[in-house]
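In the numbering used here, the protein residues as written are -2 to 117. No residue lacks a Cβ here, since even glycine has one placed at the ideal position from N, Cα and C. Here's the structure, in structure tokens; my notes come after.
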């Protein structure tokens, strides 16, 4: 039996992912201001933001491949999250706080999203 209506936990998880992405955009904007070559930073950052936004959108459309892809990308990014936090702690601790908020929201969102059999 398929669950047709989106569970509240999934709705909450998707909302948290959008908030996390928003925090990420704010953080990345701050990081780019410290970049030596803004064009390269933007060329890398913009496609990543679009990809994450697309994955969140597709998660909201009940696509299981999107939530699995998002999870895999999140797990792969953990080493760079840690090294990034250590690097930015010396330069601008506010950016580290934003990154910690993003990471926490994303982890909670993934727990909510993976606790449902709603996906196809």
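Check this for me: beta carbons of residue 38 and residue 29, under 8 Å apart or not?
Within the chain shown, the letter at position 41 stands for residue 38. Within the chain shown, the letter at position 32 stands for residue 29. It is a contact, given that the beta carbons lie within the stated cut-off.
Whole-angstrom C-beta distance between residue 24 and residue 116, which should lie under 8 Å
Walking along the chain shown from the start, residue 116 turns up at place 119. Walking along the chain shown from the start, residue 24 turns up at place 27. Contact doesn't hold; Cβ gap of about 29 Å is too wide.
Residue 3: buried (16+ other C-beta within 10 angstroms of its C-beta) or exposed?
Numbered from 1 along the chain shown, position 6 holds the residue referred to as residue 3. Counting Cβ neighbours within 10 Å, residue 3 comes out exposed, since fewer than 16 surround it.
Considering residue 61, what are the terminal residues of the alpha helix (DSSP H) in which it resides?
Numbered from 1 along the chain shown, position 64 holds the residue referred to as residue 61. Per DSSP, residue 61 belongs to the alpha helix (DSSP H) from 61 to 88.
Look up residue 44 in the DSSP assignment and say whether it is helix, strand or coil.
Looking up residue 44 in the chain shown gives position 47. DSSP places residue 44 in helix when its eight states are reduced to three.
From the DSSP output, in three-state form, read off residue 24 for me.
Walking along the chain shown from the start, residue 24 turns up at place 27. Looking at residue 24 - three-state DSSP - the assignment turns out to be helix.
If I measure Cβ to Cβ from residue 95 and keep anything under 7 Å in the same chain, skipping five residues before and after, which residues do I get?
For this step, residue 95 is matched to residue 98 along the chain shown. Excluding sequence neighbours, residue 95 sits near 20, 23, 24.
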